[in-house]
Every structure is written in structure tokens, then in C-alpha cells.
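Engineer: Which chain is which? The protein sequence lines are S and B, in order. Residue numbering for the first sequence is 1 to 122, as defined by the UniProt record's numbering. Residue numbering for the second sequence is 1 to 220, as defined by the UniProt record's numbering. Just so it is clear, CB atoms sit at the ideal spot from N, CA and C, and this is done for glycine as well. Take a look at the following structure, please.
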Amino acid sequence: MINPTYLAQRTRSSANWADAKRRVLHSYRDWLRAAPEIQQMYSLNLPISTIRTKIRQEFERHRYVSQLNTVDVLIFNSHQEFQETLNYWKQLTHVLKYFRTEEEPKARLPSNFINGFLEGRN
Amino acid sequence: MSVIQRSIRSRLLSTSARPTARLTAIPKHRYYANEPPPKASSEDAPAAKPGDSAMIRQEGAAEGHPRHQPDYNVAIDYRTSNFSPIPKRVMDGSEPGDSVAAAVLSGAPMDLQARTVRIYRPAKTATQSGDWHTHHWVMDWDPLPKGHRWENPLMGWQSSADFMQGYSLNFRSKEDAISFANKQGYEYFVQEPNERKFIPKAYANNFVHSPKKLKIIRTK
Numbered sequence: 001m002i003n004p005t006y007l008a009q010r011t012r013s014s015a016n017w018a019d020a021k022r023r024v025l026h027s028y029r030d031w032l033r034a035a036p037e038i039q040q041m042y043s044l045n046l047p048i049s050t051i052r053t054k055i056r057q058e059f060e061r062h063r064y065v066s067q068l069n070t071v072d073v074l075i076f077n078s079h080q081e082f083q084e085t086l087n088y089w090k091q092l093t094h095v096l097k098y099f100r101t102e103e104e105p106k107a108r109l110p111s112n113f114i115n116g117f118l119e120g121r122n
Numbered sequence: 001m002s003v004i005q006r007s008i009r010s011r012l013l014s015t016s017a018r019p020t021a022r023l024t025a026i027p028k029h030r031y032y033a034n035e036p037p038p039k040a041s042s043e044d045a046p047a048a049k050p051g052d053s054a055m056i057r058q059e060g061a062a063e064g065h066p067r068h069q070p071d072y073n074v075a076i077d078y079r080t081s082n083f084s085p086i087p088k089r090v091m092d093g094s095e096p097g098d099s100v101a102a103a104v105l106s107g108a109p110m111d112l113q114a115r116t117v118r119i120y121r122p123a124k125t126a127t128q129s130g131d132w133h134t135h136h137w138v139m140d141w142d143p144l145p146k147g148h149r150w151e152n153p154l155m156g157w158q159s160s161a162d163f164m165q166g167y168s169l170n171f172r173s174k175e176d177a178i179s180f181a182n183k184q185g186y187e188y189f190v191q192e193p194n195e196r197k198f199i200p201k202a203y204a205n206n207f208v209h210s211p212k213k214l215k216i217i218r219t220k
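This is how it looks when you write it as C-alpha cells:
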């Protein structure tokens, strides 16, 4: 008898779009609830609102996916990241991968061609 | 915090309402005093005219322009650097069609979707040994304009910011390579191979009766 690790979720396919929506919203709520714990665990210098904004950003990035299979894989990825983050299997570098814009405001794409040219990007 | 709000606002826009690059950077045509203004119109374009085929959709320059311009508003990655090219479009899973949106799922850096990929068949070596290396199709990444190679100041070795230099993928057929590039969201172009022309010859054809010219060139 193998006991699953803490916060593991069984991978399954969504039956239809309503099922997928329910799973996505449950996952999103879990992340929002876990934001203070993430800040305390990894000693982040960011306020909890920033973490919640980032969570919202990551979910919004995939809002218009049209295929159910892709949504299933994305839900799995969300569960995977959730488990790895809250079990302290990640390190600070891995968490800060998501916060590039906040940590380094200078790292961004140029706003138009001329600015990019003046920066030296071909 | 204005940096975060700006990036959220751009993320909450739907794909159709995403801002496109403005056309103000294009210089206007300079009219000199004696020269009459150019009279060419879109009817003179060498592309296929609408009357040729029902399958060809004619797209004006204004329609295609925003699609082919670099998109400066995409969200950056943890791997974006000063050498990253600007993508034209980044896959987000909402594309129509049956193919898997692998660009969204693979977690690959966004730079890869900005770079052009060449799909080609390697040329036959100029020896008489045979052509077994030319049956597959290869996918190769175009070198970066600025970061592909420079001299390391410490030892003079060659440094590079290009993590795809020296990588090539092999495929059995052109369609496989194209569907892979579509799946991963790469910009690609296909370079058709130069096929050798071979005329089958028979020595006996030199002695076949011909009523007109006797000297016929059979090797062309």
C-alpha cells in the first residue's frame, strides 16, 4: 500500500468543459489560500498581494485555450507546481522565476523598434 | 507597482483586442517638384488576382501588416535577455485546429517562438559515394543577429548567447517537420531541395532510324 505524498492529486481527464472549469477554479482558490504560506516559507520580500496578482496572471495567460486536453495538462501542471511549492521541494530560485518583472524592472522588451535599436538589439 | 498593473492589463485583453504596432514609423513617400506621384495601385501587384482561383484569398497590405510585425507587448520570460528576438505571435492555446498546443505546455522559453527555423533537406556530398544522408529533413535554427558569437575577453574563446546554435532536428518527411514547427509555435520556412535531373539513356537509341536530323542530343 503506497501512501501518496502530501498535496498529491490524482491525475484524471476532465469529462467536459464544466468539469474542467470547476477543477481550474478549485486549483486557483487553493493557490490564493496558499499565498501567505508561500511568502512565509520562502521568505519572499514581496507583499502577499503581489503573489496573488502573479497567480492570477499565470491563470489568465491560458484563459482562451480551446482544447480540453490542453486544459487537462495545464491543470496537472498547476497541481504539480502547487505540491512542489508547498512541500518546500522548490528553492528560492525556482519560485523567483515567476517574478522576473518584479525583481528586475529593467528586464523587459523594448516598446518599439527605435528603443530596441538604441539599446543595441540588432 | 505600475509595472505589474501594466502587465495584468495586457494579459486581460482578448487576443483580438491585443494592441498592434502602429504604422507611424513608416516614412511617407517624398514627392519632388517635377515628379508626378506614383500611379501604381494594388491591381498591379504580381500576386494572384482574385479571378484566378476560388481558393486564394487576397489579403491587402494593411491586413497582413500587423500579423507580420514584431509584438512588443508579450509577457517576458525568466529567460528573456538583451539578445532575445521579439516574437511576432506567441502561442496561447486559442488557435483553431486539431494540433496539440505544445508551445503552451512544454514550458520552453518564449525566445524559441520568436526565432525562425529552416526546414530543408541536406544537399548530396559532391562525391560519387551515394546519397544516403539526403533522405531525411532537417530543422535548423537561424543564428541570432547580435548574440550568436563573440570573443570572450578572458581567454579569447568563442562565447555565445544562442542556446540553439549547433542543434538540429531530423525528420522523416517535410510534413512531419512542418507539423512539429506548428505545434511548437516556431516561425518556419521550407527550403525545397534541388533535385537532380536524370535522363535515362540507352546506347541503342543512337542507331534508331530518324527521318529528319541525325544528331539528337539525348542528355538534356
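Which same chain residues end up closer than 6 Å to B:Asp77 when comparing Cβ atoms and leaving out the 5 residues on each side of it in sequence?
Structural biologist: The residue labelled residue 77 of chain B in the question sits at position 77 within the second sequence. Cβ neighbours of B:Asp77 beyond the five flanking positions: Pro109, Met110.
Engineer: Short of 7 Å Cβ to Cβ, which residues in the segment 138 to 150 of chain B face chain A?
Structural biologist: Judged by its chain identifiers, the structure shown contains no chain A, and its protein chains are S and B.
Engineer: Distance, Cα to Cα, S:Tyr88 vs S:Leu96?
Structural biologist: For the purposes of this step, residue 88 of chain S is identified with residue 88 of the first sequence, where counting begins at 1. For the purposes of this step, residue 96 of chain S is identified with residue 96 of the first sequence, where counting begins at 1. Rounded to the nearest angstrom, the two C-alpha atoms are 14 Å apart.
Engineer: Answer with buried or exposed for S:Glu102, where buried requires no fewer than 16 other C-beta atoms within 10 angstroms of its C-beta.
Structural biologist: Taking the first residue of the first sequence as position 1, residue 102 of chain S is located at position 102. Looking at its Cβ environment, which holds 16 or more other Cβ atoms inside 10 Å, S:Glu102 is buried.
Engineer: Could you run through the segment 78 to 89 of chain S and flag, in chain order, every residue whose CB is less than 8 Å away from some CB of chain B?
Structural biologist: From the segment 78 to 89 of chain S, no residue has a Cβ closer than 8 Å to chain B.
Engineer: Mapping DSSP to helix, strand and coil, what is B:Met155?
Structural biologist: Position 155 of the second sequence, counting from 1, holds the residue named residue 155 of chain B. Residue state, collapsed to three classes: coil.
Engineer: Give the interface partners of S:Val73 over in chain B, defined as CB-CB distance under 7 Å, in chain order.
Structural biologist: As a working mapping, residue 73 of chain S is identified with position 73 in the first sequence. Those within 7 Å of S:Val73 in chain B are Leu105.
Engineer: Using the three-state DSSP reduction, which class does B:Asn194 fall into: helix, strand or coil?
Structural biologist: Here residue 194 of chain B corresponds to residue number 194 of the second sequence, with the count starting at 1. Coil at B:Asn194, not helix or strand.
Engineer: For a contact meaning CB atoms closer than 7 Å, what does B:Ser94 contact in chain S?
Structural biologist: Taking the first residue of the second sequence as position 1, residue 94 of chain B is located at position 94. Within chain S, the residues near B:Ser94 are Tyr64, Val65, Ser66.
Engineer: Run down chain S in chain order and give the residues with a C-beta less than 8 Å from the C-beta of B:Asn82.
Structural biologist: Residue 82 of chain B sits at position 82 when you count from the first residue of the second sequence. Per Cβ cutoff of 8 Å: Glu119, Gly120, Arg121.
Engineer: Assign B:Phe189 to buried or exposed, taking buried as 16 or more other Cβ atoms, counted over all protein chains shown, within 10 Å of its Cβ.
Structural biologist: If you number the second sequence from 1, residue 189 of chain B lands on position 189. Exposed, by the Cβ-count rule.
Engineer: If the cut is a Cβ gap below 7 Å, which residues of chain B does S:Arg108 touch?
Structural biologist: Here residue 108 of chain S corresponds to residue number 108 of the first sequence, with the count starting at 1. Here the neighbours are Ile76.
Engineer: Out of S:Asn16, S:Asp30, S:Gly116, point me to the one whose CA is closest to S:Ser78's CA.
Structural biologist: To locate residue 78 of chain S, count along the first sequence from 1; it is residue 78. Nearest of S:Asn16, S:Asp30, S:Gly116 to S:Ser78, Cα basis: S:Asp30.
Engineer: Is S:Asn16 close to chain B, meaning its C-beta is less than 9 Å from at least one C-beta of that chain?
Structural biologist: Against the first sequence, residue 16 of chain S aligns to sequence position 16. No, S:Asn16 lies away from the interface with chain B (no Cβ there is under 9 Å from its Cβ).
Engineer: So what does DSSP say about B:Ile26, is it helix, strand or coil?
Structural biologist: Taking the first residue of the second sequence as position 1, residue 26 of chain B is located at position 26. With a pLDDT of 47 at B:Ile26, under the threshold of 50, the modelled position of this residue cannot be trusted; read the value that follows with caution. If DSSP states are grouped into helix, strand and coil, B:Ile26 belongs with coil.
Engineer: Can you find a C-beta in chain B that's less than 9 Å from the C-beta of S:Gln57?
Structural biologist: To locate residue 57 of chain S, count along the first sequence from 1; it is residue 57. So yes, S:Gln57 belongs to the interface.
Engineer: Listing by chain order, which chain S residues have their CB less than 9 Å from the CB of B:Ala181?
Structural biologist: Looking up residue 181 of chain B in the second sequence gives position 181. None at all; the shortest Cβ gap to chain S is about 18 Å.
Engineer: DSSP three-state call for S:Asn115: helix, strand or coil?
Structural biologist: As a first step, residue 115 of chain S must be located in the first sequence, where it is residue number 115. Note: S:Asn115 maps to helix in three-state DSSP.
Engineer: State the start and end residues of the unbroken alpha helix (DSSP H) segment that holds B:Met139.
Structural biologist: The count along the second sequence starts at 1 and reaches residue 139 of chain B at position 139. Counting along the chain, B:Met139 falls outside any alpha helix (DSSP H), though it belongs to the beta strand (DSSP E) covering 137 to 141.
Engineer: Is there a Cβ from chain S that is less than 9 Å from the Cβ of B:Ala25?
Structural biologist: Taking the second sequence and counting its residues from 1, one reaches residue 25 of chain B at position 25. Residue placement at B:Ala25 cannot be trusted, given a pLDDT of 45 that sits under 50; the coordinates are not used to answer.
Engineer: With B:Ala101 and B:Gly93 assumed to form a contact (beta carbons below 8 Å), what rounded beta-carbon distance in angstroms separates them?
Structural biologist: Within the second sequence, residue 101 of chain B is the residue found at index 101, counting from 1. Within the second sequence, residue 93 of chain B is the residue found at index 93, counting from 1. Rounded, the Cβ-Cβ distance is 4 Å, consistent with contact.
Engineer: Helix or strand or just coil, what does DSSP make of S:Tyr98?
Structural biologist: Walking along the first sequence from the start, residue 98 of chain S turns up at place 98. Note: S:Tyr98 maps to helix in three-state DSSP.
Engineer: Kindly provide the ranges of any alpha helix (DSSP H) runs that are 4 or more residues long and lie completely inside the segment 16 to 79 of chain S, ordered along the chain.
Structural biologist: The qualifying runs are 17 to 42, 48 to 61.
Engineer: Could you give the C-beta distance for S:Ser27 and S:Asp72, rounded to a whole number, given that I count them as a contact under 8 Å?
Structural biologist: Within the first sequence, residue 27 of chain S is the residue found at index 27, counting from 1. Within the first sequence, residue 72 of chain S is the residue found at index 72, counting from 1. S:Ser27 to S:Asp72, Cβ: 12 Å. No contact.
Engineer: Count the other C-beta atoms from every protein chain shown that fall within 10 angstroms of the C-beta of S:His62, then say buried if there are 16 or more, exposed otherwise.
Structural biologist: On the first sequence, position 62 is the one that residue 62 of chain S refers to. Buried, because 16 or more other Cβ atoms sit within 10 Å of the Cβ of S:His62.
Engineer: So, helix, strand or coil for B:Tyr188, using DSSP?
Structural biologist: Here the question's residue 188 of chain B lines up with position 188 in the second sequence. Strand at B:Tyr188.
Engineer: I need the straight-line Cα distance from B:Phe180 to S:Thr93, nearest angstrom please.
Structural biologist: Position 180 of the second sequence, counted from the first residue, corresponds to residue 180 of chain B. Position 93 of the first sequence, counted from the first residue, corresponds to residue 93 of chain S. Between B:Phe180 and S:Thr93, the C-alpha separation is close to 31 Å.
Engineer: With distances taken Cα to Cα, identify the nearest neighbour of B:Val104 among S:Gly120, S:Met1, S:Leu74, S:Ser111.
Structural biologist: Taking the first residue of the second sequence as position 1, residue 104 of chain B is located at position 104. Closest by alpha carbon: S:Leu74.
Engineer: Count the other C-beta atoms from every protein chain shown that fall within 10 angstroms of the C-beta of B:Gln128, then say buried if there are 16 or more, exposed otherwise.
Structural biologist: The sequence position of residue 128 of chain B within the second sequence is 128, counting from 1. Under this definition B:Gln128 is an exposed residue.
Engineer: State buried or exposed for B:Ala25, treating a residue as buried only when at least 16 other CB atoms are found within 10 Å of its CB.
Structural biologist: By 1-based counting over the second sequence, the position of residue 25 of chain B is 25. With a pLDDT of 45 at B:Ala25, under the threshold of 50, the predicted position of this residue should be treated as unreliable, and no value is reported.
Engineer: Can S:Glu58 and S:Tyr6 be called in contact, C-beta distance under 9 Å?
Structural biologist: Start at 1 with the first residue of the first sequence, and residue 58 of chain S comes out as number 58. Start at 1 with the first residue of the first sequence, and residue 6 of chain S comes out as number 6. No, these two residues do not count as a Cβ contact at 9 Å.
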